[in-house]
Each structure stands twice: as C-alpha cells, then as structure tokens.
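Here the protein sequences line up with chains A and B, keeping their order.
Just so you know, we're using this note's numbering here: the first sequence kicks off at 2 and counts up by one.
Just so you know, we're using this note's numbering here: the second sequence kicks off at 45 and counts up by one.
All C-beta atoms in this analysis are idealised placements derived from N, C-alpha and C, irrespective of residue type, glycine included.
As the structure is a prediction and not an experimental result, all values here were calculated from the model.
Before any comments, here is the structure.
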Amino acid sequence: MTSQSETDRPILSLQGIKKHFGGVKALDGVDLDLYPGEVVALIGENGAGKSTAVKIMTGIYRPDAGRIFVAGEEVEVHDTRDAWRHGITAVHQETVMFEDLSVAENIFMGHLERRAGGFLDWKGMRRRAAEILRELESDIDADAAMNTLSVAQKHMVEIARALSHDSRVMILDEPTAALSQAEIHELYGIIRRWQAQGKAILYISHKFDEIFAIADRWTCFRDGAWVGQGRIADVTEDDLVRLMVGRSVAQLFPKPEVTIGEAVLEISGLGNAREFDGISFTLHKGEVLGFYGLVGAGRTEVMEAIFGLKPIDRGEMRMNGKPMPHGSPREVIDQGIVYVPEDRQHAGVILPMSIRDNLTLPLTRALAKNGVFLNDRAEQAVGNRFRERLSIKCASLDQKVSELSGGNQQKVVIGKWLATHPGVIILDEPTKGIDVGSKSAVHAFIAELVRDGLSVIMVSSELPELMGMSDRIIVMHQGHTVRELARADFDAETIVAAATGLGRLQEKRHA
Amino acid sequence: MTLTHPSRPVRPMPKSAFETRLLALAARWETALVVILVVICGLNTAASPYFLDLHNLFDSTQIFSEKGLLVLSMTLIVITGDIDLSVASIIALTGTFVGFLALHGVATPWLVVGGIAVGTACGAFNGGVIVRFQVPAIVVTIGTMSLFRGISYIVLGDQAYTRFPESFAELGQGTLGGYVPWEFLIYLAMAAVFAVFLHRTVFGRDLFAIGNNAQAARYSGIRVQNYRFLVFTLSGAMAGLAAVLFTSRVGAVRPNMAQGWELEVVATAVLGGVAIMGGSGTIPGVVLATFVFGMLSFGLGLINVPGIIMSIVTGTLLIAAIATPIVVRRLRLALERRREGNPRG
C-alpha cells in the first residue's frame with residue numbers, strides 16, 4: 002500500500018533521542034518518523050534499543066535528551082495517559098491482563114468511562130467493547146472472563162484495548178509471537194484497515210517474512226544507535242540482516258576445521274522409567290554432536306539425566322574410557338561435564354545475584370582458602386577473565402545479572418562453566434530467544450571451544466544451525482535415538498522425516 | 045568469543061568514591077537499625093533512671109540472648125527460602141528431656157550435651173521429612189510445632205521439673221566478673237561464628253544462591269537438599285542450646301516454656317533485613333534487630349507496661365520498620381521522576 006497526501010509531515014517524530022541506564026547507553030541519539038497510512042518496521046537485534054524507544058514513545062521512560070513531535074508540535078510524554086492523549090498506543094509483547102475480569106473491563110481498564118453523576122458507564126463500555134471487537138472481526142464475547150480465552154484471543158483483546166483509545170499511532174511490539182498463521186493473516190487485514198484510516202503503524206518484529214509482507218518502510222537500530230531507514234521495496238532480507246548485525250548472513254556458520262580425536266563420552270543403552278530408553282552415542286574430542294528432535298522427543302531429558310538431574314535406570318556411561326557412576330550434578334561437573342540449560346532465566350543464571358557471584362558459583366569451593374573461606378581476590382580475577390573472554394557488556398562485575406540483556410545473560414552461564422575447565426559442554430537450545438547477532442556470536446564461540454579441544458553436545462530445534470555447526474547429528478523420536486548422520490549425509494528432509502517417526506518406519510521396511 | 049557487541053567504555057559516575065561509599069552506607073538497612081536502637085535507648089534513658097545502669101543493662105541481655113540464638117539459625121533458614129516454626133517447641137521438648145535427666149541425677153556436662161543432641165535430632169527430623177518427602181517446610185514445622193510440644197505435655201502434664209544440679213544453674217545465671225552473663229557471651233560468640241559462616245564461607249554463598257533461585261543453584265552443582273537438611277538440623281541444635289540455657293536460667297521446666305517464641309524470632313529476622321522470600325539478609329542486621337527488640341521490651345518493662353501492650357508496640361515497630369524503607373524508596377523514585385522532567389535542569 003502506498004501513502005498519498007499528507008505524507009510530507011509525520012504524525013510522530015523522534016529526534017536525537019538518548020537514554021542511558023546507569024553506565025549503559027540504551028539509546029544514543031535515534032530518529033524515527035511515522036507517517037499517516039504507513040507501516041514502518043523497526044528492526045534491530047535484541048538490546049538494540051527498540052523496546053526502550055517504544056517505552057519512551059508511550060511515556061514509560063523519559064528521554065535524557067532529544068525531542069518528540071506529534072503532528073509537527075513538540076510534546077512531552079510524561080506517562081501513558083499523556084501518550085493516549087497524543088493518540089499513541091502500544092500493543093506490548095507480553096500481554097498484561099486482569100485474568101478474573103471481563104473482556105470489556107480489561108479493554109477499558111485505566112480509562113473507564115463515566116456517565117452523569119460519576120457512575121461508571123458499564124452499559125456504554127460493554128457496547129463500545131463489542132463494537133471494537135466486531136470491527137476486528139473477532140467473535141470474542143465482551144462479557145467473557147479473560148481466563149476463559151486462548152492466548153491468541155487475549156492478544157486480540159490487547160489490540161482492542163489499544164483501539165479503544167482512538168489512536169493515530171499504533172505500536173505493535175512482536176505482535177505475532179502467540180498467533181497462528183491464520184491469525185497472523187487476520188492481523189494483516191486489521192493493519193491494512195488502519196492504514197486506510199490514515200493511522201501510522203510501527204511494527205516491531207524479528208520475522209522477515211512478516212516485515213516484507215506488511216511494512217512500507219524500515220528503520221534500523223544497532224546497539225542503541227540509528228543505522229538507517231528506507232523503503233522496504235528497495236531492500237532484500239540479506240540487506241536488512243547486514244544492517245542489523247553489521248555483516249552478511251553468509252558468514253553465519255563458522256564451522257571450524259578440527260581433527261576429531263578419541264572418544265570422550267560414551268553412552269550406551271541409557272534409559273529410565275518413562276522418558277527415554279536405548280540411548281547410545283559416543284562423543285569425541287573436538288567434536289560438535291548435534292541432537293535434533295521434535296518438542297517432547299526427550300533430548301533435554303537425556304541431557305539432564307547425564308548431568309545428574311534425572312534418574313537413570315539402565316545403561317552405562319564412560320568418561321575418558323573410565324566408567325562414570327550416575328551421580329549428582331556436582332559429581333558430573335567434577336568429571337568435566339557441564340550443562341547450559343534451555344531455560345536461561347530460571348535454571349541458568351541467578352538473576353538477583355551479581356555477575357561475579359554467578360560466574361564463580363560452581364567454583365567458589367575450588368577458589369576458597371582451605372576450601373571453606375571465600376577468596377574475593379581470586380573470584381574477582383576469574384570474573385574479570387571471563388568478562389573479557391566473553392565480552393560481557395556490563396558496567397561492573399557487581400552489577401546484578403537481571404540488569405543484563407538476554408544475550409549477555411547467556412554469556413554469563415557459558416562463562417560460569419568455562420571457568421570450571423570442562424571437557425564436555427552440553428548446550429541446550431543455546432540460541433533460543435536471542436537475536437541474529439548474538440546467535441552468530443554463540444556459533445563462533447562453539448567453534449572456538451572445539452578448537453580449544455572441548456567436545457560439544459548441542460541440542461537445538463533450529464535445523465540450519467544444527468546442520469551448520471555439527472559434525473554429526475543424532476535424531477531423537479519419542480525417547481529413542483532413531484537416526485545418526487555424518488556431516489556429509491546431512492539432509493534436512495531426512496532429518497525431519499526421522500524426527501517425525503517416518504525414518505524409523507522406512508528403516509524397518511528396508512530391513 | 046567474536047566481538048559482536050564491542051564493549052563500550054563506561055562513563056564514570058559523577059560522584060567521588062568517598063561520597064558513593066557514604067551514600068551506600070547510609071542506604072544500608074543496618075544503619076537504620078543503629079538509628080532505631082539509639083532512639084530506643086534514648087527514650088529508655090528519659091523514661092527510667094534505672095535504664096542506664098551497667099548492671100541492669102547486662103541483666104537485660106538475658107531477655108534476648110536465648111531468642112537471639114534462635115534468630116541466628118532462623119536467618120539461615122529464611123535466607124535459604126524456608127521457615128522453621130517448630131523452634132520454640134523444640135525448646136519445650138529439649139527442656140523436658142534435660143529436666144528428666146537432671147531428676148535422675150545426670151551430671152551437668154551430660155545435661156548440656158544431651159540437650160543439644162535432642163535439639164539436633166528434632167531439627168534433623170524436620171529437615172529429613174522436608175527433604176525426603178518434599179513437603180513444604182512451613183507445613184512440616186507447623187506439624188512438629190504441635191508434635192514436639194505435645195510430647196512435652198504428655199510427659200509433664202501440669203507438673204514441672206525443678207531439680208537441677210547447682211553447677212548447671214551457673215550456665216544461665218552466672219556471669220563473667222559479676223557483670224557479663226555467660227549467656228550473653230555465648231550469644232555474641234555464636235553471632236560471630238554465624239556471621240563468618242554466612243558471609244565469608246562457601247556455604248553461606250551457596251545458601252544465598254539457593255534462596256535466590258534454587259533451580260539454578262541445583263543446575264550449578266549445589267547440593268540444595270543437603271543444605272536444606274543442614275540448616276534445619278542446625279536450627280534444631282541452636283534450639284537445643286537455647287533450651288539448655290533457658291532451663292538453667294529459670295531452673296524449672298514446664299511444657300509451655302518459650303511458647304510463641306517462633307513468631308518473635310521470625311519477626312526479628314525480618315526486622316533485621318532478611319527477605320522473607322529468601323535470598324538476602326545479614327547477620328549484623330539480625331543481631332541489631334535482636335538488640336532493638338531486647339532494649340524495647342527492657343524499656344517497656346522498666347516503666348511497667350503490661351505484656352499485651354508490649355506486643356502491640358513490638359508489632360507496630362515491626363510494620364513501621366518494614367514499611368519505612370519501601371515508602372522512602374517510592375518517594376525517592378517520585379522525586380527522581382520529577383527531576384527527570386527537566387532533562388537540562
């Protein structure tokens with residue numbers, strides 16, 4: 002859709018916005034212009050400053066410097082109400098809802114409408130809510146309780162809430178995360194209608210297919226700085242990735258040439274009561290062994306069992322040729338096997354503790370004087386070493402891990418384990434939920450690890466990453482290893498077929 | 045690791061190091077507790093001429109020395125994210141056991157050892173049930189709170205054990221040089237040991253890690269269940285020690301001894317800055333809070349305030365103490381926000 006008249010003057014314009022938190026600059030002089038009837042895609046990696054910009058536009062944060070213009074007039078946005086008054090509303094990434102209240106109550110929460118005498122106008126609000134939902138072509142009942150709705154329906158209510166403000170500027174922050182393909186297309190329809198009504202739309206997404214489907218223009222941030230803007234029609238996906246990360250996608254998988262050494266970890270016939278059985282594989286020195294499978298195939302369960310977090314009823318494990326008893330995580334760590342869990346925030350880092358305390362957590366005893374008394378100097382040294390080695394972006398090691406971005410938190414988890422000098426590192430979905438740039442940093446790091454003689458087990462649901470980084474891939478299905486492929490035989494179709502259980506049937510037929 | 049995000053030089057904060065350190069000190073909860081303690085002592089001095097008397101002051105430490113011991117171990121438990129509501133009942137059971145032994149002529153050293161052993165066993169029982177069956181600590185210790193004291197009631201009924209050897213009485217009633225009660229010295233020594241244990245050892249660090257995120261602690265190789273068992277056992281041992289001192293000081297054991305202490309102990313820990321959800325707290329903080337409550341009840345006792353008023357006052361103090369820093373933080377945030385309204389101002 003092209004914009005016609007009035008496009009000479011933006012509805013909303015940010016100029017030279019700066020914002021820092023403590024010593025870290027979140028935004029360093031960014032510009033952003035939104036024109037009526039246009040969809041602008043705001044792109045950038047996690048931590049590029051997109052969410053901070055949204056929070057400044059909606060009055061949650063105040064900028065340290067810079068100016069905000071609404072329809073050519075300079076304004077100050079002190080809080081959400083100010084933003085609403087200027088016609089700016091946002092649909093946030095994670096919906097915050099009052100689960101026990103009705104849909105209509107949720108839509109008008111914060112700006113309840115009143116009738117004469119100061120009483121709440123529930124009848125009017127219910128009618129308006131129903132109208133807005135109809136406008137969205139949604140069949141959600143305005144009187145239904147929130148907790149009876151699906152995640153996608155809740156998202157629709159969130160959008161309805163934004164619409165209840167008569168806004169001129171709609172900000173959609175990762176709006177499709179919870180939506181199905183059909184619902185995404187419905188959302189496109191809604192956005193196109195807003196365009197026709199002359200609203201300006203800011204669309205924030207990591208998904209390029211969506212950006213190319215819906216956006217007219219793009220604006221890119223990198224590390225809190227403005228990188229550029231332009232028309233979507235003039236760029237390719239590759240161009241955008243290069244703008245976001247400052248280099249091209251072609252470099253993404255830095256698979257190193259490493260000579261694979263002797264067997265390090267040998268697993269045979271591993272099984273427990275419910276989750277997996279007959280798991281056998283061998284990991285060699287300098288090898289990256291990929292594990293593929295659908296959700297629920299039992300990959301995480303196997304890794305947690307090896308790490309001592311789950312029971313094992315059958316099978317044998319050998320480390321460096323010696324039998325390894327199934328013990329607690331502490332004993333497994335002492336054997337040189339470490340595990341970076343999938344759930345970084347809950348199992349990986351301890352958010353309220355400092356970066357240093359997190360980095361030295363498995364090591365405090367080894368560093369301590371007489372094995373008992375904390376050794377601050379040694380801990381600081383370890384902290385500094387791994388902060389540098391992993392280039393953890395922070396103001397000080399005393400900073401809480403909760404203040405770091407997701408990518409940097411992941412670096413803390415990996416740093417914590419490297420400090421123990423492991424021989425085997427198990428990475429469970431190491432790039433889940435992190436942006437393109439941090440992803441390739443993790444890949445480059447895996448390459449560095451195997452060059453240093455470590456052996457890596459990588460569990461991932463992203464096939465390109467797995468095929469790009471692994472020497473071998475083991476496919477799991479319903480708790481069993483069903484296929485093992487050498488790098489030369491990697492083929493996406495074969496792997497997916499095996500993961501869905503097809504490969505197994507075929508093998509049986511061949512047999 | 046490849047540098048995707050080159051680390052930028054960080055701007056130094058526009059404050060001198062001294063100023064920063066001073067601010068950090070002023071913001072510490074322990075500083076507020078010192079202020080509260082000074083104010084209470086000032087009021088006590090104004091209210092009663094008997095307060096500022098060395099003899100009376102040292103005497104008053106016996107009000108809180110036994111509870112203080114319980115606060116120390118409760119602090120470890122709450123930091124780990126658990127709670128032990130059975131401590132007062134462990135005192136009753138242990139006291140009963142010690143009284144029974146004394147009645148049958150057991151010598152003083154064995155009374156002490158036996159008392160601490162029974163307390164430790166009670167604590168290990170709590171910890172064992174919690175860890176083995178994965179029952180929440182609050183449930184288990186509410187159960188054992190009735191169980192332990194119940195045993196004491198069965199043994200004693202409305203009777204009391206009142207016969208103890210003279211040397212046993214020295215523990216709770218004796219002093220160093222006529223002034224400093226042994227009890228108080230034991231308390232101070234234990235406080236020092238706990239401070240080192242919590243703040244300067246690997247074990248302490250691990251307890252904080254567990255309290256902040258037990259799952260991540262487990263995934264980092266910390267033996268979470270062992271630690272939980274350990275702190276409950278330790279809590280039992282401390283209750284055993286407190287029971288021995290209590291019995292020796294009072295010279296009598298009744299099944300209702302130390303009734304209701306568990307809540308005072310938890311309240312003191314919270315006043316001392318221990319987060320009730322776990323993960324933070326300091327021994328200096330809870331020691332100060334112990335003194336605050338001790339001096340408060342000593343002062344109220346001097347001016348003959350009845351017990352029920354005393355509990356109203358301590359309750360109010362607790363709420364005020366917890367609410368104040370929260371209110372102050374809110375005010376500071378509001379001020380900052382207003383100041384940020386004029387970016388150049």
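**Report entry** First and last residue of the uninterrupted beta strand (DSSP E) at A:Arg223
**Finding:** The sequence position of residue 223 of chain A within the first sequence is 222, counting from 1. Taken as a continuous stretch (DSSP letters only), the beta strand (DSSP E) holding A:Arg223 covers 218-223.
Query raised in the report: CB-CB under 6 Å to B:Ser196, same chain, minus the five flanking residues each way: which ones, in chain order?
Result: Here residue 196 of chain B refers to the residue found at position 152 of the second sequence. Excluding positions up to five away in sequence, the list reads Ala136, Leu137, Thr140, Pro299.
Query raised in the report: Helix, strand or coil: how does DSSP classify B:Thr206 here?
Result: The residue given as residue 206 of chain B occupies position 162 in the second sequence. In the structure shown, B:Thr206 adopts coil according to DSSP, grouped into three states.
Query - 8 Å contact criterion, which A:Asp34 and A:Ser14 should meet: CB distance rounded - result: The residue you call residue 34 of chain A lines up with position 33 of the first sequence. The residue you call residue 14 of chain A lines up with position 13 of the first sequence. About 5 Å; that satisfies the 8 Å criterion.
Report task. Report yes if the C-beta distance between A:Arg218 and A:Glu39 is below 8 Å; otherwise report no. Result -> As a position in the first sequence, residue 218 of chain A is number 217, starting the count at 1. As a position in the first sequence, residue 39 of chain A is number 38, starting the count at 1. Yes, the pair counts as a contact, with Cβ atoms nearer than the cut-off.
**Report entry** Simplified DSSP state of B:Tyr94, which is helix, strand or coil
**Finding:** Position 50 of the second sequence, counting from 1, holds the residue named residue 94 of chain B. Coil, per DSSP.
Query raised in the report: When you compare only the Cα positions, how much space is there between A:Gly111 and A:Thr81?
Result: If you number the first sequence from 1, residue 111 of chain A lands on position 110. If you number the first sequence from 1, residue 81 of chain A lands on position 80. Cα-Cα distance, rounded: 10 Å.
Query - Selection of the region 49-66 of chain A by Cβ proximity to chain B, strictly under 8 Å - result: Arg63, Pro64, Asp65, Ala66
Query raised in the report: Which two residues bound the contiguous beta strand (DSSP E) that contains A:Phe22?
Result: As a first step, residue 22 of chain A is located in the first sequence; it is residue number 21 there, counting from the start. A:Phe22 -> beta strand (DSSP E) spans 13-22.
**Report entry** Spatial distance of B:Val82 from B:Asn88 (CA atoms)
**Finding:** Indexing the second sequence from 1 puts residue 82 of chain B at position 38. Indexing the second sequence from 1 puts residue 88 of chain B at position 44. Taking the straight line from one Cα to the other gives about 10 Å.
Report task. Tell me, please, whether the region 288-302 of chain A touches the region 494-501 of chain A by the rule of three or more beta-carbon pairs shorter than 8 Å. Result -> yes
**Report entry** Euclidean distance between Cα positions of B:Ala181 and A:Arg319
**Finding:** The count along the second sequence starts at 1 and reaches residue 181 of chain B at position 137. The count along the first sequence starts at 1 and reaches residue 319 of chain A at position 318. The straight-line gap from Cα to Cα measures roughly 38 Å.
Report task. Count the C-beta pairs between the region 158-171 of chain B and the region 84-100 of chain B that are closer than 8 Å, then say yes if the count reaches three, no if not. Result -> no
Requested in this report: Establish whether the CB of A:Ile334 and some CB of chain B are separated by less than 8 Å.
Outcome: The residue given as residue 334 of chain A occupies position 333 in the first sequence. Interface residue, yes.
**Report entry** Where A:Phe374 meets chain B, residues with beta-carbon distance less than 9 Å
**Finding:** If you number the first sequence from 1, residue 374 of chain A lands on position 373. Neighbours of A:Phe374 on chain B, chain order: Val240, Arg244, Thr245, Val246.
Query - Sequence-distant residues of its chain with Cβ nearer than 7 Å to A:Thr301 (five each side left out) - result: Start at 1 with the first residue of the first sequence, and residue 301 of chain A comes out as number 300. Glu343, Asp429, Val460.
Query raised in the report: Tell me, which residues are paired with B:Tyr197 by DSSP?
Result: One-based indexing of the second sequence puts residue 197 of chain B at position 153. DSSP, once it has assigned bridges, lists no residue as partnering B:Tyr197.
Report task. Determine the direct distance from the alpha carbon of A:Gly469 to that of A:Ser249, and round the result to whole angstroms. Result -> Within the first sequence, residue 249 of chain A is the residue found at index 248, counting from 1. Within the first sequence, residue 469 of chain A is the residue found at index 468, counting from 1. In this prediction, A:Ser249 has a pLDDT of 48, which is less than 50 and means its spatial position is unreliable; what the coordinates show is noted afterwards. C-alpha separation (whole angstroms): 16 Å.
Query - alpha helix (DSSP H) runs wholly inside the region 245-311 of chain B, at least 4 long, in chain order - result: 246-256, 258-263, 268-294
Report task. Please go through the same chain and pick out, in chain order, the residues whose beta-carbon is closer than 6 Å to the beta-carbon of A:Leu352, but skip the five residues on each side of it. Result -> The residue labelled residue 352 of chain A in the question sits at position 351 within the first sequence. These residues qualify, in order along the chain: Val402, Ser403.
Query - Residue-level contact to chain B via CB, A:Tyr340, 8 Å cutoff - result: Your numbering for residue 340 of chain A matches position 339 in the first sequence. At a cut-off of 8 Å between C-beta atoms, A:Tyr340 counts as an interface residue with respect to chain B.
Query raised in the report: Can you find a C-beta in chain B that's less than 8 Å from the C-beta of A:Lys417?
Result: Locating residue 417 of chain A in the first sequence gives position 416, where the first residue counts as 1. Taking 8 Å as the CB threshold, A:Lys417 lines the interface with chain B.
Query - Nearest-angstrom Cα separation, counted from A:Val152 out to A:Asp174 - result: On the first sequence, residue 174 of chain A is found 173 positions in, with the first residue counted as 1. On the first sequence, residue 152 of chain A is found 151 positions in, with the first residue counted as 1. Going from the Cα of A:Asp174 to the Cα of A:Val152 covers about 16 Å.
Requested in this report: Inspect the beta-carbon positions of B:Val199 and B:Arg272 and report whether they are closer than 8 Å.
Outcome: Along the second sequence, read from residue 1 onward, the residue named residue 199 of chain B stands at position 155. Along the second sequence, read from residue 1 onward, the residue named residue 272 of chain B stands at position 228. Not a contact, by the Cβ cut-off of 8 Å.
Query - A:Pro330 in three-state terms, based on DSSP - result: For this step, residue 330 of chain A is matched to residue 329 along the first sequence. A:Pro330: helix per DSSP, three-state reduction.
Query - Residues sharing a beta bridge with A:Glu263, DSSP - result: What you label residue 263 of chain A is simply residue 262 of the first sequence in a count that begins at 1. Looking at the DSSP assignment, A:Glu263 forms no beta bridge with any residue, so it has no partner.
Query raised in the report: beta strand (DSSP E) containing A:Glu75: first to last residue?
Result: Reading the first sequence from its first residue, position 74 is the one you call residue 75 of chain A. 74-76 is the span of the beta strand (DSSP E), which, as asked, contains A:Glu75.
Report task. Assign A:Leu28 to one of three DSSP states: helix, strand, or coil. Result -> In the first sequence, the residue the question calls residue 28 of chain A occupies position 27. Reduced to three states, the DSSP call for A:Leu28 is strand.
Requested in this report: Would you check if there are 3 or more beta carbon pairs closer than 8 Å linking the region 479-488 of chain A to the region 307-321 of chain A?
Outcome: no
Report task. Could you tell me how far apart the beta carbons of A:Pro255 and A:Ala445 are, in whole angstroms, since I believe they sit closer than 8 Å? Result -> The residue given as residue 255 of chain A occupies position 254 in the first sequence. The residue given as residue 445 of chain A occupies position 444 in the first sequence. Correct: roughly 5 Å between the Cβ atoms.
Requested in this report: Run the CB neighbour count on B:Leu69, radius 10 Å, all protein chains shown included, and call it buried at 16 or more, exposed below.
Outcome: Reading the second sequence from its first residue, position 25 is the one you call residue 69 of chain B. Counting Cβ neighbours within 10 Å, B:Leu69 comes out exposed, since fewer than 16 surround it.
**Report entry** Length of the line joining the Cα atoms of A:Ala197 and A:Tyr204
**Finding:** Within the first sequence, numbered from 1, the residue matching residue 197 of chain A stands at position 196. Within the first sequence, numbered from 1, the residue matching residue 204 of chain A stands at position 203. Each residue's Cα considered, the two are about 16 Å apart.
Query raised in the report: Distance, Cα to Cα, B:Pro153 vs B:Glu110?
Result: On the second sequence, position 109 is the one that residue 153 of chain B refers to. On the second sequence, position 66 is the one that residue 110 of chain B refers to. B:Pro153 and B:Glu110: Cα-Cα distance of roughly 19 Å.
Query raised in the report: Taking A:Pro257 as the reference, which of A:Ile44, A:Arg452, A:Gly407 has the closest Cα?
Result: Taking the first residue of the first sequence as 1, we reach residue 257 of chain A at position 256. The shortest Cα separation from A:Pro257 among A:Ile44, A:Arg452, A:Gly407 belongs to A:Arg452.
**Report entry** Supposed contact pair B:Ser324 and A:Leu362 - C-beta distance, whole angstroms, cut 8 Å
**Finding:** Sequence index remark: in the first sequence, residue 362 of chain A carries index 361 (1-based). Sequence index remark: in the second sequence, residue 324 of chain B carries index 280 (1-based). Actually they do not touch by this definition, with Cβ atoms about 16 Å apart.
Query - Opposing strand residues paired with A:His481 [DSSP bridges] - result: Stepping through the first sequence from its first residue, residue 481 of chain A is reached at position 480. Partner(s): A:His478.
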